[in-house]
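Enquirer:
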Amino acid sequence: MKIVYTDSLVIGGGLAGLRIAIATKKRGFDTIVLSLVPAKRSHSAAAQGGMQASLGATIKGVGDDEDVHFGDTVKGSDWGCDQAVARMFVNTAPKAIRELSTWGVPWSRVQKGDRQVVVNAEKVTITENDEAHGLITARDFGGTKKWRTCYTADGTGHTMLYAVDNKAIEHEIPVHERKEAIALIHKDNVCYGAVVRDLITGELLAYVAKTTTIATGGYGRIYSVSTNAIICEGIGQAIAMETGVAALGNMEAVQFHPTAIVPVGILTTEGCRGDGGLLRDKDGYRFMPDYEPGKKELASRDVVSRRMTEHIRKGKGVPSRYGDHLWLDITILGKEHIDKNLREVKEICEYFLGIDPVKDYIPVRPTQHYSMGGLRTKPTGESPTLKGLFAAGEAACWDMHGFNRLGGNSVAETVVAGMIVGEYVADFCEENSVNIETGLVETFLKQEEKKIDELIANEGGENVYEIKSAMQKIMMDYVGIFRTGDDLEKAVKGLKELRKRSKNITIKNKIRSSNPELVEAIRVPKMLKLALCVAQGALLRTESRGAHSREDFTARDDKNWLKRTLTYWRNESDEMPEVEYEDLDIMTMEMPPGSRGYGTDNTVHHPDTAKRVAEVEEIKKANPKADRHELQHLLMPYDLPERLRGKNERVGRGFK
Amino acid sequence: MSENIEKGRILKISILRFNPQLKGDKPKMVTYELEEAPGMTIFIALNEIREKFDSSLQFDFVCRAGICGSCGMIINGQPDLACRALTSKYPSGEITLMPLPAFELIGDLSVNTGKFMRAMSERIGSWIHDQAMDEIDLTRLEEKMEPGLADKIYELERCVECGCCISACGTKRMREEFLGAAGFMRIARFHMDPRDKRTDDDIYEIIGDDDGIFGCMSLLGCEDYCPKDLPHQTQIAYLRRKMVNLR
Numbered sequence: 001m002k003i004v005y006t007d008s009l010v011i012g013g014g015l016a017g018l019r020i021a022i023a024t025k026k027r028g029f030d031t032i033v034l035s036l037v038p039a040k041r042s043h044s045a046a047a048q049g050g051m052q053a054s055l056g057a058t059i060k061g062v063g064d065d066e067d068v069h070f071g072d073t074v075k076g077s078d079w080g081c082d083q084a085v086a087r088m089f090v091n092t093a094p095k096a097i098r099e100l101s102t103w104g105v106p107w108s109r110v111q112k113g114d115r116q117v118v119v120n121a122e123k124v125t126i127t128e129n130d131e132a133h134g135l136i137t138a139r140d141f142g143g144t145k146k147w148r149t150c151y152t153a154d155g156t157g158h159t160m161l162y163a164v165d166n167k168a169i170e171h172e173i174p175v176h177e178r179k180e181a182i183a184l185i186h187k188d189n190v191c192y193g194a195v196v197r198d199l200i201t202g203e204l205l206a207y208v209a210k211t212t213t214i215a216t217g218g219y220g221r222i223y224s225v226s227t228n229a230i231i232c233e234g235i236g237q238a239i240a241m242e243t244g245v246a247a248l249g250n251m252e253a254v255q256f257h258p259t260a261i262v263p264v265g266i267l268t269t270e271g272c273r274g275d276g277g278l279l280r281d282k283d284g285y286r287f288m289p290d291y292e293p294g295k296k297e298l299a300s301r302d303v304v305s306r307r308m309t310e311h312i313r314k315g316k317g318v319p320s321r322y323g324d325h326l327w328l329d330i331t332i333l334g335k336e337h338i339d340k341n342l343r344e345v346k347e348i349c350e351y352f353l354g355i356d357p358v359k360d361y362i363p364v365r366p367t368q369h370y371s372m373g374g375l376r377t378k379p380t381g382e383s384p385t386l387k388g389l390f391a392a393g394e395a396a397c398w399d400m401h402g403f404n405r406l407g408g409n410s411v412a413e414t415v416v417a418g419m420i421v422g423e424y425v426a427d428f429c430e431e432n433s434v435n436i437e438t439g440l441v442e443t444f445l446k447q448e449e450k451k452i453d454e455l456i457a458n459e460g461g462e463n464v465y466e467i468k469s470a471m472q473k474i475m476m477d478y479v480g481i482f483r484t485g486d487d488l489e490k491a492v493k494g495l496k497e498l499r500k501r502s503k504n505i506t507i508k509n510k511i512r513s514s515n516p517e518l519v520e521a522i523r524v525p526k527m528l529k530l531a532l533c534v535a536q537g538a539l540l541r542t543e544s545r546g547a548h549s550r551e552d553f554t555a556r557d558d559k560n561w562l563k564r565t566l567t568y569w570r571n572e573s574d575e576m577p578e579v580e581y582e583d584l585d586i587m588t589m590e591m592p593p594g595s596r597g598y599g600t601d602n603t604v605h606h607p608d609t610a611k612r613v614a615e616v617e618e619i620k621k622a623n624p625k626a627d628r629h630e631l632q633h634l635l636m637p638y639d640l641p642e643r644l645r646g647k648n649e650r651v652g653r654g655f656k
Numbered sequence: 001m002s003e004n005i006e007k008g009r010i011l012k013i014s015i016l017r018f019n020p021q022l023k024g025d026k027p028k029m030v031t032y033e034l035e036e037a038p039g040m041t042i043f044i045a046l047n048e049i050r051e052k053f054d055s056s057l058q059f060d061f062v063c064r065a066g067i068c069g070s071c072g073m074i075i076n077g078q079p080d081l082a083c084r085a086l087t088s089k090y091p092s093g094e095i096t097l098m099p100l101p102a103f104e105l106i107g108d109l110s111v112n113t114g115k116f117m118r119a120m121s122e123r124i125g126s127w128i129h130d131q132a133m134d135e136i137d138l139t140r141l142e143e144k145m146e147p148g149l150a151d152k153i154y155e156l157e158r159c160v161e162c163g164c165c166i167s168a169c170g171t172k173r174m175r176e177e178f179l180g181a182a183g184f185m186r187i188a189r190f191h192m193d194p195r196d197k198r199t200d201d202d203i204y205e206i207i208g209d210d211d212g213i214f215g216c217m218s219l220l221g222c223e224d225y226c227p228k229d230l231p232h233q234t235q236i237a238y239l240r241r242k243m244v245n246l247r
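As they're listed, the protein sequences go chains A and B.
Residue 176 in the UniProt record's numbering sits at position 176 of the first sequence, with consecutive numbering throughout.
Residue 79 in the UniProt record's numbering sits at position 79 of the second sequence, with consecutive numbering throughout.
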């Protein structure tokens with residue numbers, strides 16, 4: 001039996017995982033990162049357009065601050081987020097971006113003087129301030145009041161990931177590559193590490209740790225077409241749920257990005273529209289202003305994706321052998337801009353579509369993109385039910401995104417949560433010691449070994465690839481952008497059936513060492529559990545909120561549904577997840593529920609909303625002299641690790 | 001898109017098969033025949049081969065969008081990213097796939113570029129060296145940088161560590177410890193960055209020998225095969241000039 005001991009075990013080598021590892025290592029704790037792939041190949045690298053942080057250096061960002069970023073984030077979430085967490089996030093984002101600047105990210109900078117930009121299909125000249133020259137600049141993104149998305153061309157995730165991984169290398173943090181955590185070790189509601197399979201040798205090892213952090217990204221690959229990397233299969237969330245103790249939150253909240261290329265589903269960044277790109281239909285007609293006269297192409301992602309789908313349903317899509325699509329037109333931006341700021345997009349168009357976006361329209365369609373759901377955590381990042389288990393980034397339901405995430409807020413979340421949760425993980429390491437019998441470790445190892453033996457021996461006749469693609473098809477067909485009770489029932493029924501079949505998987509390749517088919521056979525039953533959580537959560541949620549849009553229940557129903565879905569899988573023999581709910585308390589919200597400002601507002605309000613609105617007004621009236629920081633604290637106190645509490649400086653404004 | 005592809009052409013894909021994990025396994029070429037689909041890439045073709053013909057076939061893909069650098073392999077004799085290689089680019093319909101040489105073989109088309117690149121990063125200190133970094137107050141405005149300089153640094157930072165330059169390098173074949181173009185590019189990137197406080201002498205200590213910049217025979221396979229079109233030739237020449245003039 002091989003056991004590796006450490007203080008801080010981090011599962012996942014993307015931005016969130018690496019940043020947590022750096023935090024705990026800096027505080028003096030032994031730290032190991034496990035990763036399916038070399039860390040620099042993690043899906044974080046694919047983030048193109050940028051990271052939101054309210055620096056307000058560009059002229060189009062003047063006036064931006066934490067309050068504005070907070071408002072956009074809460075609205076974007078359709079009031080489904082945890083507002084205290086959103087506050088923690090917006091206050092830390094400027095620090096995170098400035099830290100990354102010292103670590104080497106070559107953020108694009110403000111150039112003083114005049115420059116031409118495209119706003120609402122027109123070329124306009126903006127004049128950047130002299131005093132902002134050389135500070136980190138920002139571009140426009142959907143659902144934001146200010147230009148807040150900081151970037152390095154359209155390779156933002158790449159430069160961030162390289163800087164953070166390089167930092168981890170400097171700190172001599174070992175990344176154990178090609179290792180997959182397949183179960184968590186736990187007892188009496190405390191997590192002690194993970195059972196890990198070496199993807200090359202096939203060996204099973206136990207990693208025993210004071211803290212275990214899940215930072216494995218999203219679960220997009222339960223859908224057949226997704227912008228996600230093919231490793232984003234949600235296994236981190238699944239093994240957490242399989243403890244029977246930890247819960248997954250809001251799994252039905254799945255985001256579809258408006259502009260992935262057809263048919264392969266590779267992303268073209270929101271920066272295309274942020275920089276002035278337009279959506280056009282089969283007649284070359286720009287249709288978004290008809291639906292959303294205010295924000296047009298730059299409405300929130302969920303809204304744009306729905307409008308595009310509506311427009312295609314009206315027969316306005318461009319027919320192709322892969323089904324109807326629409327056009328993304330960035331020709332108006334010109335060659336120079338595209339070559340410099342959208343070059344990854346250009347490469348993708350050249351290689352995968354054989355077109356030149358300087359001259360040609362790009363065929364796009366809304367495509368699965370982001371998992372708002374994940375391992376439910378407290379604001380500290382720790383599971384409320386399984387002590388010592390933490391999560392950060394897309395893998396977590398921390399919950400700053402609620403039912404719809406803003407573009408630029410995910411890559412920001414990875415490093416911000418990494419900084420914040422990393423400190424809490426280190427605190428936990430400081431305050432706790434591991435008391436675990438090797439007998440328990442052995443039991444967990446043997447259990448997983450037995451499962452693999454059975455998988456290899458199983459002669460039930462089912463093909464793992466067929467089951468996987470059937471699952472992905474069900475999710476595409478029945479749990480998409482628009483959902484109905486009938487479809488969701490079909491999904492649940494189909495997935496239950498597949499789960500039964502998955503117990504009879506026969507693999508052809510019977511070796512224990514590096515074996516891609518065995519990897520699938522281990523993962524697919526776990527993915528089916530996640531898919532069932534998504535489908536069942538969506539079926540039960542009889543309202544529309546953010547990215548969860550029910551055609552049979554079109555209103556956002558705060559009265560009955562201002563709550564977070566929690567799914568548990570308490571016994572392996574259970575056919576279905578157990579679904580519970582956690583109320584969001586309006587009376588503690590800084591920003592009581594209101595309208596997002598898209599389409600007609602048919603929200604069914606909760607009786608507490610009016611009460612809280614009045615209360616907020618009273619607090620404001622009673623404290624006329626309070627500055628915005630003091631007032632914020634009066635409305636909704638929240639906590640942060642001490643070193644992250646400071647106010648953020650902005651050019652021309654100081655710390656106000 | 002790929003309308004010029006004749007639907008249903010039969011592709012012959014020959015792959016070097018070898019699993020070092022299996023005792024007694026010997027390298028061999030195996031040819032698989034499959035029907036070409038419109039817009040098919042080698043990524044799609046390999047997955048189809050694995051699902052339909054041989055589930056033991058090993059290869060590495062992550063982003064499948066040309067961004068992560070996982071899928072470098074030798075395609076018809078030339079190193080390239082397999083995820084974005086359309087099968088329609090090969091008129092004969094015959095495609096030969098080999099693992100990238102110069103890296104530890106994991107199995108079939110999968111090689112351990114991760115281990116190599118981590119060692120490279122450790123060797124050259126692939127991070128910003130600044131003693132004062134930890135004292136920087138993150139609540140304050142960031143240090144300014146000329147916009148043009150930031151753009152230039154990004155140009156050199158676009159390397160995805162795919163390893164194509166290392167596989168295409170003649171010098172690397174002869175000198176086991178040769179740093180290779182990915183390493184030089186990284187050095188050039190940090191050398192350009194004013195946030196990194198290393199002096200030219202510090203850089204000389206890292207690359208000022210025959211396993212470093214003076215070993216390069218200027219065959220420039222790196223320049224020819226870099227999937228990101230990084231300016232290897234210019235940067236290698238620049239570093240060499242800089243180092244020669246130093247001592």
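Glycine residues also receive a C-beta, built at the ideal position from the N, C-alpha and C atoms.
Does the distance from the C-beta atom of residue 56 of chain A to that of residue 65 of chain A stay below 8 Å?
Expert: The answer is yes: Cβ separation under 8 Å.
Enquirer: If you compare alpha carbons, which of B:227, B:122, B:236 and B:105 is closest to residue 21 of chain B?
Expert: The residue with the shortest Cα to Cα distance from residue 21 of chain B is B:105.
Enquirer: Residues in its own chain within less than 7 Å of residue 70 of chain A by CB, not counting five upstream and five downstream?
Expert: Once the five neighbours on either side are set aside, the close Cβ partners of residue 70 of chain A are 86, 87 and 90.
Enquirer: I'd like the list of long-range same chain contacts for residue 318 of chain A, defined as Cβ closer than 6 Å, with 5 residues on each side in sequence excluded.
Expert: For residue 318 of chain A, where only same-chain residues beyond five positions count, the Cβ hits under 6 Å are 282 and 325.
Enquirer: Between residue 168 of chain A and residue 18 of chain A, which are expected to be in contact by the criterion C-beta below 8 Å, what is the C-beta distance as a whole number of angstroms?
Expert: With a Cβ gap of about 5 Å, residue 168 of chain A and residue 18 of chain A count as contacting.
Enquirer: With which residues is residue 110 of chain B paired in a DSSP beta bridge?
Expert: Answer is B:107, bridged to residue 110 of chain B.
Enquirer: Quick check for students: name the residue ranges of the alpha helix (DSSP H) that lie wholly in the stretch 398 to 464 of chain A, counting only runs of 4 or more.
Expert: The qualifying runs are 409 to 431 and 438 to 457.
Enquirer: Would DSSP call residue 65 of chain B helix, strand or coil?
Expert: In the structure shown, residue 65 of chain B sits in coil (DSSP, three-state: anything other than H, G, I, E or B).
Enquirer: Is it true that the stretch 437 to 455 of chain A meets the stretch 42 to 56 of chain A, where meeting means three or more beta-carbon pairs spaced less than 8 Å apart?
Expert: Output reads no: the stretch 42 to 56 of chain A does not touch the stretch 437 to 455 of chain A.
Enquirer: DSSP state of residue 321 of chain A, grouped into three classes?
Expert: It is coil, neither helix nor strand.
Enquirer: Any beta-carbon of chain B closer than 8 Å to the one on residue 95 of chain A?
Expert: So, interface residue.
Enquirer: For the stretch 168 to 191 of chain B, list every residue whose C-beta sits within 7 Å of some C-beta in chain A, in sequence order.
Expert: Flagged: no residues at all.
Enquirer: Under 8 Å by Cβ, that's how I've got residue 118 of chain A and residue 276 of chain A pegged, so tell me the actual separation to the nearest angstrom.
Expert: The pair is a contact, with the Cβ atoms about 3 Å apart (cut-off 8 Å).
Enquirer: What residue does the alpha helix (DSSP H) around residue 164 of chain B start on, and which one ends it?
Expert: Per DSSP, residue 164 of chain B belongs to the alpha helix (DSSP H) from 164 to 167.
Enquirer: Please state if the CB of residue 406 of chain A and the CB of residue 594 of chain A are separated by a distance shorter than 8 Å.
Expert: No, Cβ-Cβ distance for residue 594 of chain A and residue 406 of chain A is not below 8 Å.
Enquirer: Report back the beta-carbon spacing between residue 108 of chain B and residue 57 of chain B to the nearest angstrom; my notes put them in contact at under 8 Å.
Expert: Sure, about 6 Å apart at Cβ, within 8 Å.
Enquirer: Does residue 653 of chain A pass the burial test, meaning 16 or more other C-beta atoms within 10 Å, or should it be called exposed?
Expert: With fewer than 16 Cβ atoms within 10 Å of its Cβ, residue 653 of chain A is classed as exposed.
Enquirer: Any Cβ of chain B within less than 8 Å of the Cβ of residue 230 of chain A?
Expert: With 8 Å as the cut-off, residue 230 of chain A counts as an interface residue toward chain B.
Enquirer: Name the DSSP beta bridge partners of residue 78 of chain B, please?
Expert: According to DSSP, which records beta bridges pairwise, residue 78 of chain B is partnered with B:75.
Enquirer: What alpha helix (DSSP H) runs, 4 residues minimum, are completely inside the stretch 14 to 95 of chain A?
Expert: Runs of the alpha helix (DSSP H) inside the stretch 14 to 95 of chain A: 15 to 26 and 66 to 76.
Enquirer: Over what stretch of residues does the beta strand (DSSP E) that includes residue 223 of chain A continue unbroken?
Expert: Taken as a continuous stretch (DSSP letters only), residue 223 of chain A belongs to no beta strand (DSSP E), as it is neither H nor E.
Enquirer: First and last residue of the alpha helix (DSSP H) that includes residue 662 of chain A?
Expert: Lying before the first or after the last residue shown, residue 662 of chain A is absent from chain A, which here runs from 1 to 656.
Enquirer: Just to confirm before moving on: does the CB-CB distance between residue 177 of chain A and residue 35 of chain A stay below 8 Å?
Expert: In this structure, residue 35 of chain A lies closer than 8 Å to residue 177 of chain A by Cβ.
Enquirer: Comparing alpha-carbon positions, which option in A:349, A:252 and A:218 lies nearest residue 264 of chain A?
Expert: If we check each option's Cα against that of residue 264 of chain A, A:349 comes out closest.
Enquirer: Name, please, each residue of chain B whose Cβ falls closer than 8 Å to the Cβ of residue 647 of chain A.
Expert: The answer, in chain order, is 139.
Enquirer: Inspect the CB distances between the stretch 382 to 401 of chain A and the stretch 224 to 240 of chain A and report whether three or more fall short of 8 Å.
Expert: Yes, they touch.
Enquirer: My guess is that residue 139 of chain A and residue 294 of chain A are in contact by the Cβ rule of under 8 Å, so how many angstroms apart are they, rounded?
Expert: The Cβ separation is near 19 Å, so there is no contact.
Enquirer: Quick one: give me the first and last residue of the beta strand (DSSP E) that residue 278 of chain A is part of.
Expert: Unbroken beta strand (DSSP E) run through residue 278 of chain A: 278 to 280.
Enquirer: List the residues of chain A that residue 103 of chain B touches, going by C-beta distances under 9 Å, in chain order.
Expert: Those do not exist, as residue 103 of chain B stays about 12 Å from chain A at its closest Cβ, beyond 9 Å.
Enquirer: Specify, as a first and last residue, the run of the alpha helix (DSSP H) that residue 516 of chain A falls within.
Expert: Per DSSP, residue 516 of chain A belongs to the alpha helix (DSSP H) from 516 to 540.
Enquirer: Specify the secondary structure class of residue 176 of chain B as computed by DSSP and reduced to three states.
Expert: Residue 176 of chain B falls in the coil class under three-state DSSP.
Enquirer: Any beta carbon from chain A within less than 8 Å of residue 193 of chain B's own beta carbon?
Expert: True, the Cβ-Cβ gap to chain A drops below 8 Å.
Enquirer: Should the stretch 90 to 99 of chain A be regarded as contacting the stretch 178 to 193 of chain B, the criterion being three or more beta carbon pairs within less than 8 Å?
Expert: Output reads no: the stretch 178 to 193 of chain B does not touch the stretch 90 to 99 of chain A.
Enquirer: Which residue marks the beginning of the beta strand (DSSP E) containing residue 583 of chain A, and which one marks its end?
Expert: Segment 578 to 583, the beta strand (DSSP E) holding residue 583 of chain A.
Enquirer: Within 8 Å of any Cβ in chain A, is that where the Cβ of residue 114 of chain B sits?
Expert: Chain A contact via Cβ: present.
Enquirer: Could you work out which residue in A:219, A:201, A:340 and A:604 is closest to residue 151 of chain A when comparing CA atoms only?
Expert: The option with the nearest alpha carbon to residue 151 of chain A is A:340.
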